[in-house]
Amino acid sequence: MTRDLGISLVFTSDEHGHLAGAPAIRKVADDARAENPGRTLLVSSGDVFQGAPESDLEGGRPGLEVLARSGYDVAEVGNHDFDNGLPYLKKWLAEAPYPVLAGNVVEEATGKLLPGAQRAILKDMNGIKLGLVGVVTPETASLTFAENVQGVRFEDPIETVRRAAAELRAQGADVVGVLSHLGGPADRELAQAVDGLDFILGGHTHEFRASPELINGAVVCQPGSYRKAVGKLELELDPRTRRVTGAHHQLIPIDQSSPRADGEVQALVDHYLNKLKQVTETVVSYNGQALEHDNFLDDSLDVVVGRAMNRAAGTEIALFNQKLVRTGLDAGDVTVGELQTIIPFPNTVVRLEMSRERLVEALQHSLDMHDERSLADDGLRVTTSAAADGSHRIEQVAYEDGSPLPERVILATTDFLAQGGLGYFPEAKLLSEHGLVRDALEQELDARMLEAQVPHPDAARLDQYDARDVLPRARE
Numbered sequence: 007m008t009r010d011l012g013i014s015l016v017f018t019s020d021e022h023g024h025l026a027g028a029p030a031i032r033k034v035a036d037d038a039r040a041e042n043p044g045r046t047l048l049v050s051s052g053d054v055f056q057g058a059p060e061s062d063l064e065g066g067r068p069g070l071e072v073l074a075r076s077g078y079d080v081a082e083v084g085n086h087d088f089d090n091g092l093p094y095l096k097k098w099l100a101e102a103p104y105p106v107l108a109g110n111v112v113e114e115a116t117g118k119l120l121p122g123a124q125r126a127i128l129k130d131m132n133g134i135k136l137g138l139v140g141v142v143t144p145e146t147a148s149l150t151f152a153e154n155v156q157g158v159r160f161e162d163p164i165e166t167v168r169r170a171a172a173e174l175r176a177q178g179a180d181v182v183g184v185l186s187h188l189g190g191p192a193d194r195e196l197a198q199a200v201d202g203l204d205f206i207l208g209g210h211t212h213e214f215r216a217s218p219e220l221i222n223g224a225v226v227c228q229p230g231s232y233r234k235a236v237g238k239l240e241l242e243l244d245p246r247t248r249r250v251t252g253a254h255h256q257l258i259p260i261d262q263s264s265p266r267a268d269g270e271v272q273a274l275v276d277h278y279l280n281k282l283k284q285v286t287e288t289v290v291s292y293n294g295q296a297l298e299h300d301n302f303l304d305d306s307l308d309v310v311v312g313r314a315m316n317r318a319a320g321t322e323i324a325l326f327n328q329k330l331v332r333t334g335l336d337a338g339d340v341t342v343g344e345l346q347t348i349i350p351f352p353n354t355v356v357r358l359e360m361s362r363e364r365l366v367e368a369l370q371h372s373l374d375m376h377d378e379r380s381l382a383d384d385g386l387r388v389t390t391s392a393a394a395d396g397s398h399r400i401e402q403v404a405y406e407d408g409s410p411l412p413e414r415v416i417l418a419t420t421d422f423l424a425q426g427g428l429g430y431f432p433e434a435k436l437l438s439e440h441g442l443v444r445d446a447l448e449q450e451l452d453a454r455m456l457e458a459q460v461p462h463p464d465a466a467r468l469d470q471y472d473a474r475d476v477l478p479r480a481r482e
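Count along the sequence shown starting at 1, add 6, and that's the number in the working numbering.
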């Protein structure tokens with residue numbers, strides 16, 4: 007940065023345990039520090055862990071170590087950073103060699119922040135005082151397993167930022183910004199609601215924003231996800247007033263094979279990725295035709311996942327949140343790594359019992375949200391009607407063949423939804439558990455191959471497949 011007075015922010019978000027881009031991002035940050043020494047920060051807006059196969063190695067150690075070696079100065083907690091449980095999160099908070107923000111997350115018993123977390127920080131950057139506040143979406147309470155947030159309360163992020171920003175200004179902050187894991191729409195609302203913010207570095211909604219928005223004086227940015235890009239925001243200050251007078255933003259695509267990547271971080275990443283290959287390149291099944299990731303195609307991977315859950319639980323109805331499945335599947339050999347990429351989270355198949363009325367309420371809840379929190383299903387025929395205001399109401403729900411549902415319905419879903427995740431089945435009766443969803447998908451792919459009589463070199467293993475799993479299911 008050639009300006010006389012300014013700060014540089016290099017920022018990422020939603021890394022989700024993906025390691026490959028880390029060396030190049032470290033190089034971008036180092037270059038920025040060389041251009042603007044003492045006035046450059048590398049920061050993350052959360053969801054650092056959970057989502058990539060490598061993030062499951064050694065209890066999540068790769069993500070922690072790579073983040074520390076990459077030279078991050080500050081990080082914010084994201085909703086998925088709770089997915090490994092509070093002990094893991096608290097370990098990160100205690101051991102991180104940089105401040106970790108979680109400004110609106112408090113212990114219910116004490117009203118205090120989580121041990122090791124901070125609401126805000128004030129950094130002196132060669133004479134410029136920068137204040138940073140960190141907040142995460144309150145929806146985290148329903149976006150992870152209930153046990154992962156037991157004893158934790160998520161406070162209003164707008165009020166948290168308003169109070170913290172005022173305190174930072176009172177302490178002499180020249181620049182005040184937010185590391186936000188709220189999502190794009192909530193970031194816009196935050197910028198409108200809180201006066202005096204200079205910038206918001208966002209996350210959660212995985213938006214690759216080539217151009218930032220200027221809202222109520224705040225520059226609102228988001229750098230995408232999975233370390234596929236890194237943002238760089240340069241703020242110019244008036245030498246007399248020490249207030250922001252200009253901003254320059256870049257969204258830099260990351261070439262994960264860049265020879266200019268940081269060598270130390272590259273060696274660490276290579277170590278873990280080579281270790282991962284020993285597991286993930288193992289072939290476990292075969293897919294006869296490419297399957298797209300689409301909730302509305304009759305022969306999509308999402309439909310196959312629903313059938314897999316039904317087969318595993320011995321049911322005819324399967325319901326799961328749309329974000330359970332993250333990508334499609336090419337034709338050919340299927341590896342452990344592909345299954346982990348398709349379903350990155352260790353959700354299990356469970357069998358639930360509930361009233362027909364409660365099922366309809368859950369489906370209406372899904373219809374009302376009409377976003378990524380909505381449900382995908384296998385085995386149902388749902389009839390809806392549209393109102394003048396654009397909303398939709400469920401008129402009839404039946405089995406896929408049109409036959410009526412009984413008063414008590416038995417269905418397959420995930421343990422996440424069964425425990426009240428996203429507010430769908432808080433009072434359903436848990437009947438049984440049936441292993442990981444990704445294992446059920448592997449078995450479904452095997453069964454599809456047997457039913458289609460598709461030859462495969464690993465026929466000896468497939469011949470051992472339990473024939474009961476390819477028999478028609480009994481209706482209950």
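We put the CB at the ideal spot given by N, CA and C, even for glycine.
Classify Q156 as helix, strand or coil using the three-state DSSP reduction. The answer is coil: DSSP assigns Q156 none of H, G, I, E or B.
When we look at the beta-carbon of H5 and count the other beta-carbons within 10 Å, is it buried (16 or more) or exposed? Past the boundaries of the shown model lies residue 5; the chain is included only from 7 to 482, so the question cannot be answered.
For a quick check, are the C-beta atoms of A446 and A314 less than 8 Å apart? yes
Buried/exposed call for D41, threshold 16 Cβ in 10 Å: According to the sequence as given, residue 41 is Glu; it is not Asp. With fewer than 16 Cβ atoms within 10 Å of its Cβ, E41 is classed as exposed.
Proximity to S372 [Cα-Cα], best of F431, C227 and E322: F431
Of the listed residues A176, T419, I349 and A368, nearest to E448 (C-alpha basis): I349
Starting from the N-terminal side, write out each stretch of the beta strand (DSSP E) that is 3 residues or longer and does not extend beyond the region 73-159. 80-82, 111-113, 126-131 and 134-142
Cutting at 8 Å between CB atoms, please list the residues of its own chain near Q124, excluding the five before and the five after it. In the same chain as Q124, and ignoring 5 residues on each side of it, the C-beta atoms closer than 8 Å to its own belong to P105, V106, L107, A108, G109 and G140, in chain order.
Output needed for T143: all residues of its chain with C-beta closer than 8 Å, excluding positions within five of it in sequence on either side, in chain order. Leaving aside the five residues that flank T143 on each side, the residues in its chain whose CB is nearer than 8 Å to its CB run, in chain order, N85, L149, F160, P163, H187, L188, G189, A192 and H210.
State whether the region 48-60 contacts the region 74-82, with contact taken as three or more CB pairs (one from each stretch) at a distance under 8 Å. A contact is defined here as three or more CB-CB pairs under 8 Å, and the region 48-60 meets this definition with respect to the region 74-82.
Kindly indicate which three-state DSSP category L257 falls into: helix, strand or coil? strand
Nearest by alpha-carbon distance to V309: which of T333, S291 and L185 is it? T333
Report the residue ranges of all alpha helix (DSSP H) runs contained in full by the region 190-275; include only those spanning at least 4 residues, in chain order. 190-199
Comparing C-alpha positions only, which one of C227, A273, D268 and I260 sits nearest to H254? Selected option, being the one with the closest Cα: C227.
Span separating the alpha-carbon of D36 from that of A267: 10 Å
So the alpha helix (DSSP H) S372 belongs to, where does it begin and stop? R362 to M375
Strictly by DSSP, which residues pair up with Q402? The partner list for Q402 (beta bridge, DSSP) reads T389.
Three-way DSSP call (helix, strand, coil) for P461 in this model: Any reading at P461 needs caution, since the residue's pLDDT is 48, under 50, leaving its predicted position unreliable; the model's value is listed next. Look at P461 here: in three-state DSSP terms it is coil, with no helix or strand label.
Extent of the continuous alpha helix (DSSP H) run through E433: Here E433 belongs to no alpha helix (DSSP H), and DSSP marks it neither H nor E.
Judging by CA-CA distance, which residue of L15, D62 and F17 is the nearest neighbour of L279? D62
Hey, would you say V355 sits closer than 8 Å to G441, going by beta carbons? Their beta carbons are under 8 Å apart, which means V355 touches G441 by this criterion.
Among T146, V158 and L128, which one has its Cα closest to the Cα of E114? V158
If distances are taken between C-alpha atoms only, which option among S409, R379 and R357 comes closest to R387? When C-alpha distances from R387 are compared across S409, R379 and R357, the shortest belongs to S409.
Under the three-state DSSP convention, the category N293 falls into: strand
Here's a check: name, in chain order, each residue in its chain whose Cβ is nearer than 7 Å to the Cβ of G183, leaving out the five neighbours to either side. L138, L203, D204, F205, I206 and L207
For F326 versus A382, is the C-beta spacing smaller than 8 Å? yes
For R357, which residues does DSSP report across the bridge? A418 and S438
Here's the rule: buried if 16 or more other CB atoms are within 10 angstroms of the residue's CB, otherwise exposed. What is S397? Classification of S397: exposed, given that the 10 Å Cβ count is below 16.
Return the Cβ separation of G69 and K234 in integer angstroms, given the expectation that the two are a contact with Cβ distance under 8 Å. Not really, about 16 Å apart at Cβ, beyond 8 Å.
Range of the contiguous beta strand (DSSP E) that encloses N327: A324 to N327
Span separating the alpha-carbon of V200 from that of R168: 6 Å
Within 10 angstroms of the Cβ of F214, are there 16 or more other Cβ atoms? Answer buried if so, exposed if not. exposed
Per DSSP, what kind of secondary structure is T347 in: helix, strand or coil? helix
Would you mind working out which of G91, G122, L95 and A171 sits nearest E153, comparing C-alpha positions? It is G91 whose Cα lies nearest to the Cα of E153.
Hey, P59 and Q284 are a contact pair by Cβ (cut 8 Å); roughly how many whole angstroms apart? In fact, because the Cβ distance is near 12 Å, the residues do not count as touching under 8 Å.
Beta strand (DSSP E) containing V340: first to last residue? Residues G338 to T341.
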